[in-house]
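*Asks:* There's a structure below that I have some questions on.
Protein chains: 2
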Amino acid sequence: MNQFIERTQLIQEWIYDAAKLIKSSFEENLDIQQKSNRNDLVTNIDKAVEKQFIEKIHQFFPGERIMGEEGFGDEFQNLDGIVWIIDPIDGTLNFIKQQYDFAIMVAVYEDGIGQAGFIYDVMQDKMYSAHKGKGAYCNKKKLPPVKDLSLKEGLVAISSALMSKEEGLARLVGRASSGVRLIGSAGIETAHVASGQLIGYIAASLAPWDIAAGKIIAEEVGLIYTKMNGSSIDLLQKNPSLVATPTAHKEIIMLLNTKK
Amino acid sequence: MNQFIERTQLIQEWIYDAAKLIKSSFEENLDIQQKSNRNDLVTNIDKAVEKQFIEKIHQFFPGERIMGEEGFGDEFQNLDGIVWIIDPIDGTLNFIKQQYDFAIMVAVYEDGIGQAGFIYDVMQDKMYSAHKGKGAYCNKKKLPPVKDLSLKEGLVAISSALMSKEEGLARLVGRASSGVRLIGSAGIETAHVASGQLIGYIAASLAPWDIAAGKIIAEEVGLIYTKMNGSSIDLLQKNPSLVATPTAHKEIIMLLNTKK
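Residue numbers (this note's numbering), protein chains in the order written: chain A, -10 to 249; chain B, -10 to 249.
Here it is as C-alpha cells:
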C-alpha cells in the first residue's frame, strides 16, 4: 500500500468532522463576506473549516505545503514535493442560500501529479474518492469506467457564469446535448460526470481547489480533464475547464472553437 | 375537514406505491420512446405509473375526470367539476440519465381552482403538499411563508430550453440574480422555490401537469405563479411560466419586457 492510500482513513475522518461543523452552523447566523464580487462569498464557516484542515495537516504531516481557497495556506510558485489542495466549502452560494449541493474537497499532489482526491457531498452523504491508478469510489462502491457516450446522449453541466454570458459558445454545447444542468458546485458536478449521471462539465474559470480532487477522480474512470482549448490544466492559476467522456470532450472542443 | 383533505392519505399512499414501482425499474432496461423531439422522452414506467393512478382514481372516485401527461386520461375543453392532474414522472430525462431529481405530481382542481397538490421528490424522499387555504408542507414540516427577497438576493432556476436560446431574455434574469440553477424537473424546481432555496423559476413552456400541483403549493407560501407576461395560468394549454417571490416576480417581468 503506498503512502497516499495509508492517508485515506485520516483524511476521510477530517472531512466528516468538517461536515459536522458545517451542518451545526445551519441554525446559526452566518458571518458572510464578499470576495471578488457580490456572488463570490465566504463565511466564517469556510474559514474555520480551512483552518481546521491546516492545523491537522501540520500536526500529522509537518513540512507539507497547503494550498487553500481561503488563503490560510502557503504561497505557491511551483508544485514541487507534496502539496495539499483544500476547498473547505465548494459551492458556498449553495451552502448559504440552499443548505445543500455543496462539497468539501481535499486533494494530495506530489510533484504536480494527483495522488489522492476526495469530494464529499455533505448533504447527500456521498464520499467520492480516488487514488492514482487504483480506481474511484462513491462511498464503498467502486465507480465503473464511464461509458464513452457522445454529447447528444447525455446531460451536460455548464457553469452559471458561462450560461449567462451573451456570447453563445456554451449554449452551442447545451443545444447539442440532451440538456443542461446547473448545480453550482464544481465538485459535485465533476463527481456526477464521474458517476455517469452527466456527460460533461464546463466552467469558465475554475481555481486549483475547484479542480484538484475532481481531476484525479475523473481520470480514474476514463474521463478527460483539460482546459477548454484542450491543453493541460495548470494548478498554479485559474483555468477555463472541461471534463467529459473522451467522445464528448472532442465534440465540445470542436463546438467551442466553431465560433472563435 | 373538507373532502380534499380527506383524500390526502390515499393520494400519498398511491404516490409512495408509484415511487416503489419507479425505483424497482432502476435495474431493468427501460423501453424509451421519443415524443415531440429527441429530448422529450417517455418510458414504459411513465406509462405504467399513469395507468396505475387512473385505475385507482376510477375505483375510489368514479366519474371524476383525469388529465395525465401520457394521455391515458380524458380530453378537456373546460375544467368544470373535479379534475385530477397527474404527472407520473416529472423530469423523465433525469429519471433516465441520472436516476435522481425526478418527481411524481398529483393535483386535484375543482372548477378550475386548485384544492390539493402533491410533489414527491422520489430519491430525496420529500413529499411537498398543500391544500388551498391550509398551508404547505414538506413531509410533516409546515413550510413558512417565503421571505419576500429580491432577485439579486437569490438563486433562480431557468429551464434548459430557455437558457440555451440565442435571444437573451432569460440570461438578463440570470445575471441580475445571485446565480442560475438548473435541475430539470419543474416540480422539484417549484418545490425549491416554495421551500425558500430558490428565489424563482422560469420555463419557456410548461404543460398543465408541470404546473398544477406546484402552483397550489407555491401560492400557499405566498409566491406568485403566472405566465411570463404576468397574466393568469391557463391549465388547458402550455404556458410560458414564472413563479417567484412577489418582489422577484415584479423584477423578472420587468426584465423580460426590457428587450421586447
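C-beta atoms are modelled at their ideal positions from N, C-alpha and C, and glycine is treated no differently. None of the values given here were measured: they were computed from a predicted structure.
Check each candidate in B/48, B/141, B/14 and name the one with the smallest Cα separation from residue 38 of chain B.
*Replies:* Indexing the second sequence from 1 puts residue 38 of chain B at position 49. The shortest Cα separation from residue 38 of chain B among B/48, B/141, B/14 belongs to B/14.
*Asks:* Which one of B/116, B/120, B/135, B/86 has the shortest CA to CA distance from residue 129 of chain B?
*Replies:* Translated into positions along the second sequence, residue 129 of chain B becomes position 140. Selected option, being the one with the closest Cα: B/116.
*Asks:* What in chain A is Cβ-close to residue 86 of chain B, meaning under 7 Å?
*Replies:* Sequence index remark: in the second sequence, residue 86 of chain B carries index 97 (1-based). Simply 143, 144, 167, 186.
*Asks:* For a contact defined as C-beta to C-beta under 7 Å, what are the partners of residue 28 of chain B on chain A?
*Replies:* The residue labelled residue 28 of chain B in the question sits at position 39 within the second sequence. Within 7 Å Cβ-Cβ: 167, 168.
*Asks:* List, in order along the chain, the chain B residues whose C-beta lies closer than 8 Å to that of residue 25 of chain A?
*Replies:* Start at 1 with the first residue of the first sequence, and residue 25 of chain A comes out as number 36. Simply none; closest approach about 14 Å.
*Asks:* Run through DSSP, which three-state label would residue 249 of chain B get?
*Replies:* Along the second sequence, read from residue 1 onward, the residue named residue 249 of chain B stands at position 260. At residue 249 of chain B the pLDDT is 49, less than 50, meaning the model places this residue with poor confidence; the figure from the coordinates comes in the next sentence. DSSP places residue 249 of chain B in coil when its eight states are reduced to three.
*Asks:* With a CB to CB cut of under 6 Å and the five nearest residues on each side skipped, what residues in its chain are close to residue 152 of chain B?
*Replies:* By one-based count along the second sequence, residue 152 of chain B stands at place 163. So the list reads 159, once near-sequence residues are dropped.
*Asks:* Would you mind stating whether residue 174 of chain A and residue 140 of chain A have Cβ atoms separated by less than 8 Å?
*Replies:* The residue given as residue 174 of chain A occupies position 185 in the first sequence. The residue given as residue 140 of chain A occupies position 151 in the first sequence. Contact: no.
*Asks:* Could you say which of B/90, B/233, B/228, B/176 lies nearest to residue 210 of chain B if we only look at CA atoms?
*Replies:* In the second sequence, counting from the first residue as 1, residue 210 of chain B sits at position 221. When only C-alpha atoms are compared, the closest one is B/233.
*Asks:* Shorter than 8 Å from the beta carbon of residue 230 of chain B to some beta carbon of chain A?
*Replies:* Here the question's residue 230 of chain B lines up with position 241 in the second sequence. False, the Cβ-Cβ gap to chain A never drops below 8 Å.
*Asks:* Hey, is residue 80 of chain B's beta-carbon within less than 8 Å of any beta-carbon in chain A?
*Replies:* Residue 80 of chain B sits at position 91 when you count from the first residue of the second sequence. By this cut-off, residue 80 of chain B is not an interface position.
*Asks:* Round the Cβ separation of residue 120 of chain A and residue -6 of chain A to the nearest angstrom and send it over; I've been treating them as touching at under 8 Å.
*Replies:* Translated into the one-based positions of the first sequence, residue 120 of chain A becomes position 131. Translated into the one-based positions of the first sequence, residue -6 of chain A becomes position 5. Rounded, the Cβ-Cβ distance is 5 Å, consistent with contact.
*Asks:* Can you find a C-beta in chain A that's less than 8 Å from the C-beta of residue 16 of chain B?
*Replies:* In the second sequence, residue 16 of chain B corresponds to position 27, counting from 1. False, the Cβ-Cβ gap to chain A never drops below 8 Å.
*Asks:* Using 8 Å as the threshold, is the stretch 195 to 205 of chain B in touch with the stretch 69 to 79 of chain B, meaning 3 or more CB pairs across them?
*Replies:* Yes, since at least three Cβ pairs between the stretch 195 to 205 of chain B and the stretch 69 to 79 of chain B fall closer than 8 Å, the two stretches touch.
*Asks:* In this structure, does DSSP put residue 46 of chain B in helix, strand or coil?
*Replies:* One-based indexing of the second sequence puts residue 46 of chain B at position 57. Note: residue 46 of chain B maps to helix in three-state DSSP.
*Asks:* Compile a chain-ordered list of the residues in the stretch 185 to 208 of chain B whose CB is closer than 7 Å to at least one CB of chain A.
*Replies:* Here the close residues are 186.
*Asks:* How about residue 86 of chain B and residue 143 of chain A: do their beta carbons lie closer than 8 Å?
*Replies:* If you number the second sequence from 1, residue 86 of chain B lands on position 97. If you number the first sequence from 1, residue 143 of chain A lands on position 154. For residue 86 of chain B and residue 143 of chain A, yes; Cβs fall inside 8 Å.
*Asks:* Given that a residue counts as buried once 16 or more other Cβ atoms are within 10 Å of its Cβ, and exposed if not, what is residue 176 of chain A?
*Replies:* On the first sequence, residue 176 of chain A is found 187 positions in, with the first residue counted as 1. When all chains shown are included, residue 176 of chain A counts as buried.
*Asks:* If you reduce the DSSP assignment to three classes, tell me which class residue 65 of chain A lands in.
*Replies:* Position 76 of the first sequence, counted from the start, is the residue given in the question as residue 65 of chain A. Correct three-state label for residue 65 of chain A: coil.
*Asks:* Could you check how far apart the C-beta atoms of residue 243 of chain A and residue 230 of chain A are, in whole angstroms? I think they sit under 8 Å.
*Replies:* Within the first sequence, numbered from 1, the residue matching residue 243 of chain A stands at position 254. Within the first sequence, numbered from 1, the residue matching residue 230 of chain A stands at position 241. Wrong, their Cβ atoms sit about 17 Å apart, outside the cutoff.
*Asks:* If distances are taken between C-alpha atoms only, which option among B/237, B/61, B/90, B/30 comes closest to residue 44 of chain B?
*Replies:* If you number the second sequence from 1, residue 44 of chain B lands on position 55. Closest option to residue 44 of chain B, Cα to Cα, is B/61.
*Asks:* Let's test the definition: count the other Cβ atoms within 10 Å of the Cβ of residue 246 of chain A and tell me whether it reaches 16, buried, or not, exposed.
*Replies:* The residue given as residue 246 of chain A occupies position 257 in the first sequence. Flag for residue 246 of chain A reads exposed.
*Asks:* Does any residue of chain A bring its CB to less than 8 Å from the CB of residue 252 of chain B?
*Replies:* Residue 252 of chain B lies beyond the stretch modelled for chain B, which goes from -10 to 249, so this question has no answer here.
*Asks:* Does the beta-carbon distance from residue 169 of chain A to residue 147 of chain A come in below 8 Å?
*Replies:* On the first sequence, position 180 is the one that residue 169 of chain A refers to. On the first sequence, position 158 is the one that residue 147 of chain A refers to. Cβ distance < 8 Å, so residue 169 of chain A and residue 147 of chain A count as in contact.
*Asks:* Can you list, in chain order, the residues of its chain with a C-beta nearer than 7 Å to that of residue 55 of chain B? Leave out the 5 residues immediately preceding and following it.
*Replies:* If you number the second sequence from 1, residue 55 of chain B lands on position 66. Cβ neighbours of residue 55 of chain B beyond the five flanking positions: 43, 46, 62, 63, 73, 75.
*Asks:* Looking at the secondary structure, which residues open and close the alpha helix (DSSP H) in which residue 201 of chain B lies?
*Replies:* Here residue 201 of chain B refers to the residue found at position 212 when the second sequence is read from its first residue. From DSSP, the alpha helix (DSSP H) with residue 201 of chain B extends over 197 to 209.
*Asks:* Relative to the C-alpha of residue 172 of chain B, which residue among A/161, A/162, A/186 is closest?
*Replies:* As a working mapping, residue 172 of chain B is identified with position 183 in the second sequence. Of the candidates A/161, A/162, A/186, the one whose C-alpha sits nearest the C-alpha of residue 172 of chain B is A/186.
*Asks:* Would you mind telling me which residues of chain A sit closer than 9 Å to residue 217 of chain B, beta carbon to beta carbon, in chain order?
*Replies:* As a first step, residue 217 of chain B is located in the second sequence; it is residue number 228 there, counting from the start. Per Cβ cutoff of 9 Å: no residues; residue 217 of chain B is ~18 Å from chain A at best.
*Asks:* Identify the contact partners of residue 171 of chain B in chain A, using a Cβ-Cβ distance below 7 Å as the criterion.
*Replies:* Position 182 of the second sequence holds residue 171 of chain B. Near residue 171 of chain B (Cβ distances below 7 Å), the residues of chain A are 169, 170, 171.
*Asks:* Hey, residue 250 of chain B and residue 28 of chain B are a contact pair by Cβ (cut 8 Å); roughly how many whole angstroms apart?
*Replies:* Past the boundaries of the shown model lies residue 250 of chain B; chain B is included only from -10 to 249, so the question cannot be answered.
*Asks:* Below 8 Å on C-beta distance, what does residue 163 of chain B contact in chain A?
*Replies:* Here residue 163 of chain B corresponds to residue number 174 of the second sequence, with the count starting at 1. Under the 8 Å cutoff, chain A gives 149, 152, 153.
*Asks:* From residue 238 of chain B to residue 215 of chain B, what does the alpha carbon distance come to, in whole angstroms?
*Replies:* Within the second sequence, the letter at position 249 stands for residue 238 of chain B. Within the second sequence, the letter at position 226 stands for residue 215 of chain B. Going from the Cα of residue 238 of chain B to the Cα of residue 215 of chain B covers about 9 Å.
*Asks:* What residue range does the beta strand (DSSP E) around residue 109 of chain A cover?
*Replies:* As a position in the first sequence, residue 109 of chain A is number 120, starting the count at 1. That run of the beta strand (DSSP E) goes 102 to 110.
*Asks:* Tell me the residue span of the beta strand (DSSP E) that contains residue 216 of chain A.
*Replies:* The residue given as residue 216 of chain A occupies position 227 in the first sequence. First-last of the beta strand (DSSP E) with residue 216 of chain A: 213 to 216.
*Asks:* Taking the CB atoms as reference points, tell me whether residue 132 of chain A and residue 188 of chain A lie closer together than 8 Å.
*Replies:* The residue labelled residue 132 of chain A in the question sits at position 143 within the first sequence. The residue labelled residue 188 of chain A in the question sits at position 199 within the first sequence. No, Cβ-Cβ distance for residue 132 of chain A and residue 188 of chain A is not below 8 Å.
*Asks:* Within the 8 Å Cβ cut-off, does residue 157 of chain B reach chain A?
*Replies:* For the purposes of this step, residue 157 of chain B is taken as the residue at position 168 of the second sequence. Taking Cβ atoms only, chain A reaches closer than 8 Å to residue 157 of chain B, which makes this a yes.
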